[in-house]
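Read left to right, the sequence shown gives residues -22 to -1, 1 to 93 (mature numbering (1 follows the signal peptide of the UniProt record, and there is no 0)).
No residue lacks a Cβ here, since even glycine has one placed at the ideal position from N, Cα and C.
Every value quoted in this text rests on a predicted model; they were computed, and no experiment measured them.
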Amino acid sequence: MKTFFRTILFSTLMMSCANSYALSENEAEDMADLTAVFVFLKNDCGYQNLPNGQIRRALVFFAQQNQWDLSNYDSFDMKTLGEDSYRDLSGIGIPTAKKCKALARDSLSLLAYVK
């Protein structure tokens, strides 16, 4: 999981978008939240075959669609933000199956779009 977050960090930095503003703290948290959703789907919902490269592309696409400049991405502790988001997501008090279904419904289409 540590390597996964580092890979996402590096890839996202390399693919920063133009004509935008530096990533804010709220935007960094949004990136961490989306990363946590994909990690949760992989670890807890049986989607372990989701390709990391496709997840990275989805995260970069998400940032680009929001016109976020990821050049200062490394100024945030994304590992900690991601772990906190994952822990928060895991702690939501609904059955895992229901949580997985909702997360898959709302986020897998982004992966399909960047495939």
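For the alpha helix (DSSP H) containing Leu19, name the first residue and the last one. 3 to 22
Which of the three DSSP states is assigned to Asp55 in this structure? coil
Worksheet item: Which word fits Gly24, buried or exposed, when buried means at least 16 other C-beta atoms lie within 10 angstroms of its C-beta?
Response: exposed
Worksheet entry | CA-to-CA distance, Asp8 to Asp62, given in whole angstroms | 12 Å
Exercise for review: May I ask you to report which of helix, strand or coil DSSP gives Ala(-5)?
Suggested key: Low confidence applies to Ala(-5): its pLDDT is 43, below 50, so where it sits in the model is not reliable, and the reading given next is rough at best. Three-state DSSP puts Ala(-5) in coil, outside helix and strand.
Distance, Ala90 Cα to Ile33 Cα: 10 Å
Under 8 Å, do Leu67 and Phe18 count as touching if we go by C-beta distance?
yes
* Relative to the alpha-carbon of Gly60, which residue among Thr13, Gln43, Glu3 has its alpha-carbon at the smallest distance? -> Thr13
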